[in-house]
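So the sequences go chain by chain: W and F.
So the number in this note's numbering is just where the residue sits in the first sequence, counting from 1, plus 22.
So the number in this note's numbering is just where the residue sits in the second sequence, counting from 1, plus 656.
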Amino acid sequence: MFKGIYNWIDERLDITPMWRDVADHEVPEHVNPAHHFSAFVYCFGGLTFFITVIQILSGMFLTMYYVPDIINAYASVDYLQHKVAFGAIVRGMHHWGASLVIVMMFLHTLRVFFTGSYKAPREMNWVVGMLIFFVMLGLGLTGYLLPWDNKAYFATKVTLSIAESVPYLGPYIKTLINGGDIVGAQTLTRFFAIHVFFLPGALLALLGAHFFMIRRQGISGPL
Amino acid sequence: MSNQNNSNEAAHQPVKRKEMSRRQFLAYTLGGASAFMAMGPVLPMIRFAVDPLLTKESQTSFVKVVEESQVTAEPQEFDFQIHQVDGWYESDPKLTAWISRDEQGNVFALSPVCKHLGCTINWNTQNDNEYHCPCHDAKYTKEGKNLAVAPNPLDEYEVEIRDGFVYLGPVVPNQHV
């Protein structure tokens with residue numbers, strides 16, 4: 023039946039070539055762990071993406087209960103964690119995944135570094151990868167404030183002090199991120215918007231560029 | 657004559673004005689118009705996002721804290737409430753000040769926020785007439801001068817004496833040390 027549906031769509035839209043471009047390509051031997059076990063280091067990029075997908079999905083579900091408001095934020099997190107079925111699991115995925123994605127990204131970066139894969143003609147992909155890295159750090163930073171507990175509050179105060187220490191522009195950067203004079207209601211909504219809309223949008227665009235480039239240029243050759 | 661003129665012109669081409677092609681003109685016009693139209697939605701959004709930068713900082717008013725006569729040379733802890741406007745959320749958080757007199761008898765008030773990592777300091781907890789921070793053992797003199805761990809002296813509140821009462825204002829860097 024699925025074959026029938028697929029064929030019906032394919033007749034009209036000719037989607038098979040597109041599908042082939044995306045998914046149907048050979049994995050070179052030197053990156054295939056079935057040939058050389060040590061090639062598992064080439065999996066870290068894919069694992070980073072896998073966790074990123076989990077982060078996006080679990081985050082989408084978290085917003086069904088979460089409210090970015092200083093009166094209710096903590097209570098809503100407490101509720102979804104302890105009262106909602108599987109709340110601890112869904113929030114746990116988002117919480118631990120946030121750290122894991124940084125770890126995987128770091129390992130991926132190490133692999134790219136030590137195999138020299140950043141060299142010409144792949145310099146642009148290294149730069150885009152670094153931008154992804156900064157966006158991920160931004161996501162971690164903005165997400166950290168959202169539970170609005172003591173740890174979140176003071177971590178954000180520290181972060182803002184660091185931002186403020188930038189020469190000349192520091193105070194303006196601080197006010198802009200802060201949304202006001204103090205870490206408060208406006209900071210929370212601002213961080214929420216950045217965490218849920220702005221940075222994920224930037225992340226998806228950068229990931230698109232990252233994947234497009236690796237498909238165009240292919241995986242770098244064996245050492 | 658005219659023939660000769662023509663051949664002359666052919667030999668010495670007059671300065672030819674660099675003419676814009678129709679295609680180029682349309683491309684510029686279209687690009688400019690598109691940019692102008694794009695500004696329509698984009699500018700409001702940018703102005704919306706940077707509003708905190710352009711909003712005037714709310715003036716912290718002075719708050720009555722304690723009778724001047726109660727302030728001694730020995731620092732004492734006083735609580736007071738300020739009115740805080742945070743966007744749509746207004747509240748009256750409680751602040752703390754360590755108020756004492758310097759050698760000339762002038763009243764000054766120190767902020768209890770440790771300049772190391774922001775813990776709350778206390779006076780004379782170790783019987784050494786110093787401010788002491790429980791978190792990482794930062795120490796300060798009575799005037800707030802940093803003796804250990806902390807990189808800067810304690811901040812202080814601006815002080816006003818009105819009708820025999822101490823009023824405290826915004827937090828400023830320490831003026832005594």
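Note that CB positions come from ideal geometry on N, CA and C, so glycine has one too.
The structure displayed is predicted, hence computed values, not measured ones.
Taking C-alpha positions only, Pro-222(W) is separated from Leu-161(W) by approximately 8 Å. Taking the Cα positions, Lys-179(W) is about 11 Å away from Asp-203(W).
Among the residues of chain W, those whose CB is under 7 Å from the CB of Tyr-745(F) are Ile-92, Gly-206 and Ala-207, following chain order. Taking the Cα positions, Ser-60(W) is about 38 Å away from Phe-219(W). Ala-110(W) sits in a helix when the DSSP states are folded into three classes. Taking a beta-carbon distance threshold of 8 Å, Glu-713(F) counts as an interface residue toward chain W. Asn-802(F) carries a strand assignment under DSSP once its states are collapsed to helix, strand and coil. In the three-state reduction of the DSSP assignment, Gln-103(W) falls in the helix class. Shown here, Pro-826(F) sits in a strand according to DSSP, grouped into three states.
Interface annotation, Asn-200(W): in contact with chain F, CB-CB separation under 8 Å. The beta-carbon distance between Val-719(F) and Val-763(F), rounded to whole angstroms, is 15 Å. This is too long to meet the 8 Å contact definition. Apart from sequence neighbours up to five positions away, the residues of its chain that approach Val-150(W) with a beta-carbon distance below 6 Å are Leu-228, Ala-231 and His-232, ordered along the chain. Between the alpha carbons of Asp-46(W) and Leu-686(F) lies a distance of about 41 Å. Within 9 Å of the CB of Leu-709(F), the CB atoms of chain W belong to Tyr-194, Thr-197 and Leu-198, in sequence order along the chain.
DSSP, reduced to helix, strand and coil, places Leu-228(W) within a helical segment of the structure shown.
Using a CB distance cut-off of 8 Å, Gly-774(F) counts as an interface residue toward chain W. A distance below 8 Å separates the beta carbons of Gly-800(F) and His-832(F).
Tyr-87(W) sits in coil when the DSSP states are folded into three classes, being neither helix nor strand. The alpha carbon of Pro-829(F) has as its nearest neighbour, out of Glu-786(F), Cys-791(F), Val-769(F) and Ile-702(F), the alpha carbon of Val-769(F). For Met-158(W) and Tyr-745(F), the gap between their C-alpha atoms comes out near 31 Å. The three-state reading of DSSP puts Arg-673(F) in coil, since its state is none of H, G, I, E or B. Sequence-distant Cβ neighbours of Met-146(W) in its own chain, meaning closer than 8 Å and more than five residues away, are Met-235.
Contact annotation: the segment 775 to 788 of chain F does not touch the segment 709 to 718 of chain F, with fewer than three C-beta pairs closer than 8 Å. Around the CB of His-104(W), fewer than 16 other CB atoms lie within 10 Å, so the residue is classed as exposed.
Cβ-Cβ distances below 8 Å link Ala-185(W) to Gly-192, Ile-195, Lys-196 and Ile-199 in the same chain, with the five nearest sequence neighbours on each side left out; the list follows chain order.
Annotation: Cβ neighbours of Asp-742(F) in chain W (cutoff 7 Å, chain order): Gly-202, Ile-204, Gly-206, Ala-207 and Gln-208. Nearest CB-CB separation between Val-706(F) and chain W: below the 8 Å threshold. Secondary structure within the segment 136 to 178 of chain W: the alpha helix (DSSP H) runs of 4 or more consecutive residues, fully enclosed, are 145 to 167 (chain order).
Note on geometry: alpha-carbon atoms of Thr-209(W) and His-217(W) lie some 12 Å from one another. Interface residue (Cβ-Cβ distance to chain F less than 8 Å): Phe-176(W) is classified as such. Annotation for Ser-747(F): Gln-740 place their beta carbon closer than 7 Å to its own, counting only its chain and skipping 5 residues before and after. In the three-state scheme derived from DSSP, where H, G and I count as helix and E and B as strand, Gln-740(F) is classed as strand. Of the residues assessed, Glu-812(F) falls on the buried side of the cut-off, its CB having 16 or more other CB atoms within 10 angstroms. In the structure shown, the three-state DSSP call for Gln-732(F) is strand. Contact of Lys-179(W) with chain F by beta-carbon distance below 8 Å involves Gly-774. Per DSSP, Phe-764(F) is one residue of the beta strand (DSSP E) stretching across 763 to 766.
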